[in-house]
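Undergrad: Residues in the sequence shown are numbered from 171 upward in steps of one, following our numbering. Every residue, glycine too, gets a C-beta built ideally from N, C-alpha and C.
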Amino acid sequence: MIVGEHCEQNDITVNIIRAKKATNIRCATAEKGIKLPPPREFSLEMALEYIEDDELVEITPKTFRLRKKLLTENDRRITRRQQAVESVETSVENA
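Here it is in structure tokens:
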């Protein structure tokens, strides 16, 4: 599932269920509530332009969602490694 937007090209793997650890309780900002910006509202055309090669748009009768093709980080890591091996093999064959 896509839960946010990163300012750079790479993806960040996060666990949205796990709470942030409070390491410094005396910090003045610890008492302030976290304010999140409202979620972006995409039209179908905007969502199709927004997604990357490893993402999908799920369309249901009431909503549509952005998500990754491979849902777990482990599956994505394995696929990246296989693609890297294949690209090395093809470059060796072409040489």
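Measuring only the C-alpha atoms, how far is L226 from R237?
TA: C-alpha separation (whole angstroms): 5 Å.
Undergrad: Along the chain, where does the alpha helix (DSSP H) that runs through I248 open and close?
TA: 243-264 is the extent of the alpha helix (DSSP H) around I248.
Undergrad: With a Cβ-Cβ cutoff of 7 Å, do R235 and E228 count as a contact?
TA: Yes.
Undergrad: Going straight from the alpha carbon of S183 to that of A265, what length do you get?
TA: Rather than Ser, the amino acid found at residue 183 in this sequence is Thr. Roughly 36 Å separates the two Cα atoms.
Undergrad: At a Cβ threshold of 7 Å, is G174 touching chain C?
TA: This model lacks chain C altogether, as it is built from one protein chain only.
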